[in-house]
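Novice: Chains as they are written, first to last, in this note's numbering: chain U, 1 to 130; chain H, 1 to 130.
There are 2 protein chains.
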Amino acid sequence: MKDIKHFLRQNSLRPTKQRVIIANYLFDGVNKHVTAETLSNKLLKMKAGISLATIYNTLHDFYEKGLLKKLMINSERIYFDTNTAHHHHFYSKKDQKLIDINVDMKVSGLPKPPKNKKINKIEVLVHLDN
Amino acid sequence: MKDIKHFLRQNSLRPTKQRVIIANYLFDGVNKHVTAETLSNKLLKMKAGISLATIYNTLHDFYEKGLLKKLMINSERIYFDTNTAHHHHFYSKKDQKLIDINVDMKVSGLPKPPKNKKINKIEVLVHLDN
DNA sequence: ATATCAGTTTAGAATCATTCTAATGTATTG
DNA sequence: CAATACATTAGAATGATTCTAAACTGATAT
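1. Classify H/V30: buried if its beta carbon has 16 or more other beta carbons within 10 angstroms, exposed otherwise.
2. Candidates H/I22, H/K5, H/P114: which alpha carbon is nearest H/L39's?
3. At 8 Å on the CB atoms, spell out the chain U contacts of H/G136, in chain order.
4. Tell me, to the nearest whole angstrom, how far the beta carbon of H/V126 is from that of U/L110; I am working on the premise that it is less than 8 Å.
5. Could you pull the DSSP bridge partners for U/Y91 from this structure?
6. I want to see whether chain H comes within less than 8 Å of U/D129, judged by CB atoms only; does it?
7. Quick one: is H/H86 buried, meaning 16 or more other Cβ sit within 10 Å of its Cβ, or exposed?
8. Given 8 Å as the limit, is there contact between the region 111 to 125 of chain U and the region 86 to 98 of chain H, that is, 3 or more CB pairs closer than that?
9. Measuring only the C-alpha atoms, how far is U/T58 from U/N116?
10. Pick out whichever of U/H60, U/F62, U/Q18 has its Cα sitting closest to the Cα of U/L43.
11. Leaving aside the five residues before and after U/L128 along the sequence, list all residues of the same chain whose C-beta is less than 6 Å from its C-beta, in chain order.
12. Identify the continuous beta strand (DSSP E) that holds H/L67 and give its terminal residues.
13. Just verifying my parser: in three-state terms, what is the DSSP assignment at U/N133?
14. Output, in sequence order along the chain, the residues in the region 83 to 96 of chain U whose CB is closer than 8 Å to any CB in chain H.
15. How far does the beta strand (DSSP E) with H/K106 in it reach, from first residue to last?
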């Protein structure tokens with residue numbers, strides 16, 4: 001991601017100082033799962049001086065533009081995923097950690113959806129023991 | 001579930017008035033997905049007069065004894081499922097509703113779990129469009 | 001460039017689900 | 001039925017997230 005400002009503008013987002021810093025971190029080529037809290041910690045270490053409110057705003061702005069996925073994993077906090085392609089996850093409750101599954105999987109034996117409903121996408125969550 | 005008191009005792013739970021009322025509702029033979037709030041509303045309609053704290057306590061007590069499953073579905077509230085068998089779900093975001101998938105499904109193409117980790121269970125969530 | 005203005009950021013307050021506290025009540029056991 | 005261990009409760013506390021409204025800043029038109 002060389003030109004973050006251009007990238008943000010392409011997505012109808014004004015390239016403010018704060019958004020540039022956050023986008024630079026999130027879209028550095030390595031997929032990440034972040035919460036407002038983990039992102040805030042990272043930014044604190046970078047001495048970015050970005051308020052928590054802005055972190056929440058920015059994550060939602062990025063999400064609304066499709067730059068992030070929201071994960072419904074554990075009900076304590078909202079995870080955002082920089083990998084917006086359709087994929088699945090391993091989840092270790094013990095480590096409170098998610099690991100991407102980027103290979104293609106097939107689910108067979110799926111019943112028909114309720115009438116008038118269409119299947120949008122299928123998410124597989126593989127729970128790990130230890 | 002005819003003898004709720006016996007059922008509770010079998011699960012090392014004292015059959016208090018409140019637990020009996022809640023268990024009678026939850027385990028009436030029809031599987032349910034409840035949150036503290038939806039359960040509270042149901043109980044209000046029944047004029048059960050059970051405090052919110054007790055509803056939270058009871059849901060967690062039942063969960064700890066394996067009488068309920070906790071679902072990690074949407075990150076706003078915790079869902080409890082009276083169907084504790086391994087199964088999957090349809091989820092309609094629009095309707096904020098879950099529907100059980102009780103048929104057997106197979107997931108193929110699963111990669112190996114990270115080293116030293118074992119797969120515990122696989123959960124499939126089928127998102128509906130409308 | 002500069003003024004203008006819509007879009008952003010921010011600190012702190014507000015909200016909302018959930019958990020905690022500690023006082024009161026109740027099922028069980030002997 | 002007394003003792004006691006476990007439960008219930010109102011209300012306070014917590015913690016993640018959202019809101020508010022004042023200050024700021026990037027984009028646009030002059």
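The beta-carbon is built from N, C-alpha and C at its ideal position, and this holds for glycine as well.
Specialist: Straight from the coordinates:
1. exposed
2. H/I22
3. Since the first and last residues shown for chain H are 1 and 130, residue 136 of chain H lies out of range.
4. About 7 Å separates the two Cβ atoms, so the contact holds.
5. Paired residues: U/L98, U/H127.
6. yes
7. exposed
8. yes
9. 35 Å
10. U/Q18
11. F90, S92
12. From DSSP, H/L67 is part of no beta strand (DSSP E); its letter is neither H nor E.
13. Nothing can be reported for residue 133 of chain U, as the shown portion of chain U is limited to 1 through 130.
14. Result list: F90, S92.
15. 106 to 108
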